[in-house]
Amino acid sequence: MKQLSFAVIGAGNGGQAISGHLALKGYKVNLFNRTYQKLLPIIEKGGIELEGEVEGFGKLNVITDDMEKAIRDVDIILVVVPASAHYKIAEEMLPYLKDGQIIVLNPGRTGGALELYNVIRKRGDLDVVIAETDTFIYACRSSMGKSKIYKIKEVVSVAAIPKDRTQMVVEALNTAFSQFIPAQNVLETSFNNFGAVFHPTPTLLNAARIETTKGNFEYYREGISPSVAKILEKIDNERMMVAKTLGVNAISAKRWLKESYNTKGENLYEAIQNTKAYVGLLAPQTLDCRYIFEDVPMSLVPMSSIGKEIGIKTPTIDAVIHLASVMHGKDYWKIGRTAEKLGIQGMTVEEIIELVEGKRKEVTTA
73 MKQLSFAVIG AGNGGQAISG HLALKGYKVN LFNRTYQKLL PIIEKGGIEL
123 EGEVEGFGKL NVITDDMEKA IRDVDIILVV VPASAHYKIA EEMLPYLKDG
173 QIIVLNPGRT GGALELYNVI RKRGDLDVVI AETDTFIYAC RSSMGKSKIY
223 KIKEVVSVAA IPKDRTQMVV EALNTAFSQF IPAQNVLETS FNNFGAVFHP
273 TPTLLNAARI ETTKGNFEYY REGISPSVAK ILEKIDNERM MVAKTLGVNA
323 ISAKRWLKES YNTKGENLYE AIQNTKAYVG LLAPQTLDCR YIFEDVPMSL
373 VPMSSIGKEI GIKTPTIDAV IHLASVMHGK DYWKIGRTAE KLGIQGMTVE
423 EIIELVEGKR KEVTTA
């Protein structure tokens with residue numbers, strides 16, 4: 073079997089880390105970023121300097137702001153940009169994609185693969201594989217061609233649409249990383265999205281503190297008090313109710329903390345307080361942050377919108393979306409991933425499941 077080649081789309085924290093690590097492992101890697109200025113230090117170095125859990129220098133094959141050049145003839149395209157940019161990136165890639173290529177959103181947030189599937193189907197002649205992960209493989213920070221990988225996660229779930237292509241994607245990714253395992257389907261990767269629980273609500277409920285201190289407090293251990301945690305539990309329950317109605321094996325945020333960090337606690341508040349990985353993690357310095365402008369429209373909105381389609385009410389999630397829209401002066405309901413944009417408006421639970429499992433082909437492109 074020939075060695076696979078990669079294109080990494082996005083030269084932020086995650087993009088620099090994964091492109092450098094893949095290159096260090098000996099893979100041919102192309103790195104794309106829309107803003108050429110951000111690529112200049114990487115071009116000067118010729119690649120990425122890695123430190124932390126991975127040390128060394130990853131020499132990149134191509135470093136470019138030209139999408140056609142970046143994805144030409146590569147086997148796997150890893151999209152590592154905020155979920156709010158997935159749609160535009162998909163449209164930018166569309167003319168240059170070739171049969172057999174695998175596109176993986178890292179991560180997809182909620183509905184990422186479905187959204188991409190809708191865009192890609194505009195080219196009826198094209199046979200590519202679309203997949204998403206439930207989380208990003210690293211905890212890392214990157215800047216100016218240097219990346220520090222603090223932690224490599226032990227397990228990352230991935231699913232393709234349609235479902236029967238998931239194993240092929242896992243096997244391809246496993247040539248480079250053993251951490252990738254198959255998920256049930258893209259509904260599982262979409263709904264086991266804990267950023268939706270932990271990010272928007274504490275940020276909104278600590279708005280005054282963030283603005284007056286510039287985020288100079290521990291986000292999880294101080295920002296999530298017992299009262300805030302009660303609201304998070306309601307959001308978590310609404311998320312799981314929508315997921316379970318769709319046949320997804322959804323786990324609670326409390327259980328996820330236990331499985332990920334071996335955390336103990338009688339309730340979500342205690343579990344968060346006992347999570348050592350959260351010690352010292354500060355809040356965002358401003359309310360204009362991804363915890364709002366990414367996680368609200370790309371995580372909470374699709375959870376609410378899909379819930380409405382299948383008859384599940386999400387009043388707490390809806391309240392957070394409304395408050396975020398007012399605070400930012402944006403209509404996140406309109407901006408976000410609605411059932412219509414995901415191509416599932418008017419579908420029953422059974423029809424949505426048939427779509428992600430590849431038993432239903434028709435999708436209305438928004």
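The opening position of the sequence shown corresponds to residue 73 in the working numbering, with each subsequent residue numbered one higher.
Built from N, CA and C at the ideal position, the CB exists for glycine as well.
Quick check on residue i: buried or exposed, where buried means 16 or more other Cβ atoms within 10 Å of its Cβ?
i: Ala162; result: buried
i: Val314; result: buried
i: Tyr108; result: exposed
i: Glu366; result: buried
i: Ser219; result: buried
i: Tyr222; result: exposed
i: Ile353; result: Going by the sequence as given, residue 353 is Leu instead of Ile. Counting Cβ neighbours within 10 Å, Leu353 comes out exposed, since fewer than 16 surround it.
i: His394; result: exposed
i: Asp199; result: exposed
i: Gln88; result: buried
i: Met165; result: buried
i: Lys74; result: exposed
i: Pro179; result: buried
i: Asn265; result: buried
i: Thr410; result: buried
i: Asp171; result: exposed
i: Lys431; result: exposed
i: Leu122; result: buried
i: Lys286; result: exposed
i: Lys235; result: buried
i: Val320; result: buried
i: Lys336; result: exposed
i: Gly267; result: buried
i: Lys479; result: Any question about residue 479 goes unanswered here, given that the chain covers just 73 to 438.
i: Glu310; result: buried
i: Val101; result: buried
i: Thr238; result: buried
i: Val368; result: buried
i: Asp145; result: exposed
Since I believe residue j is in contact with residue i (beta carbons under 8 angstroms), could you give me their beta-carbon distance rounded to a whole number of angstroms?
i: Gly82; j: Val151; result: 7 angstroms
i: Ala231; j: Thr261; result: 5 angstroms
i: Val201; j: Ile175; result: 7 angstroms
i: Pro374; j: Gly408; result: 7 angstroms
i: Phe263; j: Ala322; result: 5 angstroms
i: Ile209; j: Ile90; result: 7 angstroms
i: Ile382; j: Val421; result: 5 angstroms
i: Lys62; j: Gly118; result: Not covered by the structure: residue 62. The range shown for the chain is 73 to 438.
i: Leu414; j: Asn190; result: 7 angstroms
Hey, does residue i have any beta-carbon neighbour from chain D nearer than 8 angstroms?
i: Tyr350; result: The chain inventory of the structure shown lacks chain D, comprising one protein chain alone.
Quick check: the Cα distance between residue i and residue j, rounded to an integer number of angstroms?
i: Tyr159; j: Glu283; result: 31 angstroms
i: Gln173; j: Ala79; result: 11 angstroms
i: Ala438; j: Glu338; result: With a pLDDT of 43 at Ala438, under the threshold of 50, the predicted position of this residue should be treated as unreliable, though the coordinate-derived value follows. So the alpha carbons of these two residues sit roughly 44 angstroms apart.
i: Arg195; j: Ile135; result: 27 angstroms
i: Gly295; j: Tyr168; result: 45 angstroms
i: Leu318; j: Glu116; result: 49 angstroms
i: Trp405; j: Tyr292; result: 27 angstroms
i: Leu427; j: Ser214; result: 37 angstroms
i: Leu276; j: Ala211; result: 24 angstroms
i: Thr436; j: Leu188; result: Here Thr436 scores only 47 on pLDDT, less than 50, and its place in the model should not be relied on; the value that follows carries that caveat. Between Thr436 and Leu188, the C-alpha separation is close to 13 angstroms.
i: Val269; j: Asn278; result: 15 angstroms
i: Ala244; j: Ile120; result: 23 angstroms
i: Ile416; j: Ile424; result: 7 angstroms
i: Tyr363; j: Pro272; result: 5 angstroms
i: Thr182; j: Phe129; result: 34 angstroms
i: Leu304; j: Val392; result: 11 angstroms
i: Cys361; j: Lys380; result: 27 angstroms
i: Ala343; j: Ser297; result: 12 angstroms
i: Gln357; j: Phe289; result: 10 angstroms
i: Thr205; j: Ser250; result: 14 angstroms
i: Glu412; j: Leu112; result: 39 angstroms
i: Ala95; j: Lys302; result: 44 angstroms
i: Gly418; j: Ser377; result: 11 angstroms
i: Gly92; j: Val351; result: 28 angstroms
i: Ala157; j: Asn105; result: 12 angstroms
i: Tyr341; j: Ala349; result: 15 angstroms
i: Gly124; j: Ala255; result: 29 angstroms
i: Arg281; j: Met399; result: 15 angstroms
i: Val242; j: Ala248; result: 10 angstroms
i: Asp137; j: Tyr99; result: 20 angstroms
In the DSSP assignment, what are the bridge partners of residue i?
i: Val134; result: Asn102
i: Phe129; result: Glu121
i: Val320; result: For Val320, which the question treats as bridged, DSSP gives no partner whatsoever.
i: Leu177; result: Val151 and Glu204
i: Leu36; result: Only positions 73 to 438 of the chain appear in this structure, which leaves residue 36 out of reach.
Minimum length 3: unbroken beta strand (DSSP E) runs contained in the stretch 76-118: 77-81 and 100-104
Which ranges would you report for the alpha helix (DSSP H) in the stretch 383-414 if only whole runs of at least 4 residues count? 387-400 and 404-407
Quick check for students: name the residue ranges of the alpha helix (DSSP H) that lie wholly in the stretch 204-272, counting only runs of 4 or more. 238-246, 258-263 and 267-270
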